[in-house]
Structure formats: structure tokens, C-alpha cells
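In mature numbering (1 follows the signal peptide of the UniProt record, and there is no 0), the protein residues as written are -24 to -1, 1 to 320.
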Amino acid sequence: MTRINTFIACLVVLLYVAACPVHGAVDMNLTFQTCCDMGLKSAMEQNSCIITEPMSGIVLEEQTLCLSVIELCCARKIREMDCEDGKDAAKTGGNCLERNTTDEQHCCESCKLGLITGSMGVPCNLGETTFGKLWDSAFYSCCTQSDPITPEAQRPEDDNMCEMLQGELCAHICVPTPGSYKCECQPGYTLMADNRGCEIISGCVKHSCSQVCEEEERGFKCSCYEGYQLDSDNITCTRIKPLDATCGPGYRHHPIAKVCQDIDECAEDTPCDSTQECRNNPGGYDCVCKRGLKLDKRTLACVDIDECLGDPCGRYSTCVNTFGSYRCEGLERSSAPPTSRDFT
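Structure (C-alpha cells):
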């Protein structure tokens, strides 16, 4: 249950109580107790505050109020149970940094401090210092249950808390100080705001990359999203033009060879009509008249060539012109049928 949800639940309860007349004081206490018991039961049996609505035994107009009470009591109980787990871990020498929840971790740490304080034979009193209600309680509980050590075995000469709580106080390096300690980090890391954890020194924290910053051992490098390329300043990304647009007309970008490749228009479609032949050339194509035809410069159409005008058959044959060709037919010199040759 988040802090925001807890706040909303509290607000619902307060508004409801403020709106209720005196008549319901006794009934309201009963409703609070019934709904709180539901929350405690959900926490202990399910370790969850997810409640199935509507709540049995609660009148319709009090369902929303009851749900808020359930959430508050359930969240409180789960925190208390987490805290008990943290105290148990502290008493058995567990690592507080490996706890499952923040409440469990902090109660573990508070309990360990209480155990140390109690073992030193000093009063279990934080004075004006406070860790927070839940953790103050963990400190006091563990402190009062700790057995004081003998005077001869009291705390080390240098008050070395780093040895007392070895591996518990700092993420990297614990440096003892008189009566306290301070945390430091390994090279390449910096101390976090909690003065305990360490995070890698990031070159990308103050980077100037226009899109993506990638960490490197000694700094950072910029990279770009798909469809963009890095400029010569190694910082700015600009959009890559569509691949086909980088090639001239009649060419297509080859994705593997990374070159502009000629488009064979003659192979992909039939750009020329039936009287023409398609001839591909770099970056384009030509339509040329088929054999036996010629281009009419006026109409730009292919027209037949009359080969017979050149007397290709000779004196003993007759030339017969055909579209795109001609044929020679032999003259009758006897009763035998005439012979013919077709030239295509």
C-alpha cells in the first residue's frame, strides 16, 4: 500500500467521521473494529491487503469507509510483521541489506544498533534522536533485551562500529571514526545521497548526446536511434534519408552490398509496346523498333519497312512485302507450282 493510498484512506475515514452525527459513535466504533479485524486477518493470512468487495456484514453506505479502515490496519500489520522479521534477522546475525522490504531492512538496522547499545551497558535512550516510531520501537526492544557485556570485554578501544556491524553499514568501504563511522566507495563509484550506497560515476549524467548515451569505462559515447546517424561532432544525430532517395533515378539501394544498383526496367515490366524491343541501359532503358520496322519520326510509332522496294528477290522471283518482313516467290517457268522463300 503506497503512501498516497494510505493518505487517501485516512482522508476518507476523517471525512466520514466528520460528516457523521453523534448517533453513530457506538456503531462507528463497532464498524471500525470489525473492518480493522478484517485488515489484520488479511495481512496475517495472505500477507496482502487486496480485499474482495463488498465486505460481508457491512451496510452499503459504510462499504467505502470499511475498505479504508481495512487498508490502514492491514498496511500497519504488514509493516509490523516485516519489522519483526528484521529484528529476528538482526538477532541471528543476518545481513540487513539483504532484507525483502524497506521496513524489514530498517528494523534490522535499528535492532542491531539497539543490541550494540545494550551490550555496552549504556541506557537504551536515544535522547533527542529519533529514527521514526517503528524503528525507535525496534531499537528500544532489542536494546532492552541485549545482555550487557563484562567491563573487561566492553567496546573496543577505537569504538570500531565497522567491526561491530561488519558488512551492514556501508555498501563498499566502512571507515571507523570515534564513536561512529563513515562510508566510502571504490574507485569509479560515488557515494549516494544516503551516505551509505555507492553508484558508478556516470559520464552520462551530464552528457550532451542528442539521443542515446552509452556508458564506457572512461566516459561515454553517443549513439542514435534507428533511422538516424551520428554527425562528425559525435554528439548530434540527424535523420537518414530514405535509402532509395540517396540513389539517382533508375537505381535502387542494395541493402547488403550498400551500393546503388541499376534497375532493369525491361525485366520488371514491359515498358515498350509489341512493335518494340526493350533494351536496358545504366539508369534507364530504350524502346527500339523490332527488325523489319522503323521509327516514324512524326508519329513516333514503329512502321513497316517495305523491303521489296530494294528488289531483294532478283529477276526470277517476286517480292511480297509482309509486316516486318518479306518473302520471295518463284516465277512460273513450267507446270510446277511456284516456289517461295519467306524472309523474317
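For glycine and all other residues, C-beta sits at the position ideal for the given N, C-alpha and C.
This structure is a prediction, so every number in the text was calculated from the model and none was measured.
Item                                                                                                                       : Value
Beta-carbon proximity check, A19 vs A51, cutoff 9 Å                                                                        : yes
Nearest candidate by alpha-carbon position, reference G103, set S95, D112, M96 and G97                                     : D112
Coarse secondary structure for Y201, derived from DSSP in three states                                                     : coil
Among T93, E21, T28 and Y261, the one whose alpha carbon lies nearest that of residue 322                                  : The structure shown has nothing for residue 322, since the chain only spans -24 to 320.
Beta-carbon contacts of V151 that lie in its chain and below 8 Å, excluding the five residues immediately before and after : C138, Y157, K158, C159 and E160
R215 versus G203: straight-line alpha-carbon distance, rounded                                                             : 6 Å
For K158, three-class secondary structure by DSSP                                                                          : strand
Where P127 falls, given that 16 or more other Cβ within 10 Å makes a residue buried                                        : For P127, the predicted model reports a pLDDT of 40, less than 50, meaning its position is unreliable and no value from the coordinates is stated.
Inter-residue spacing [alpha-carbon to alpha-carbon] between T93 and T105                                                  : 14 Å
DSSP bridge partner residues for R228 (one or two, in chain order)                                                         : Q237
T7 burial status per 10 Å Cβ neighbour count (16 or more: buried)                                                          : buried
Where K53 falls, given that 16 or more other Cβ within 10 Å makes a residue buried                                         : buried
For N136, the residue or residues it bridges with in DSSP                                                                  : Per DSSP, none; premise fails for N136.
9 Å Cβ cutoff met for C223 and C213                                                                                        : no
Proximity test, Cβ basis, 9 Å: E38 and chain B                                                                             : Among the chains in the structure shown there is no chain B, since it carries only a single protein chain.
CB of E253 within 9 Å of CB of C265, strictly                                                                              : yes
Helix, strand or coil at F107 [DSSP, three-state]                                                                          : coil
Rounded Cβ spacing between P225 and G259 (contact assumed at less than 8 Å)                                                : 7 Å
Contact check, T251 vs L269, beta carbons under 9 Å                                                                        : yes
Outcome for F299 when other beta-carbon atoms lying within 10 angstroms are tallied against a minimum of 16                : exposed
Straight-line gap, T77 to D58 (C-alpha atoms, nearest Å)                                                                   : 7 Å
Nearest-angstrom Cα separation, counted from G173 out to Q121                                                              : 30 Å
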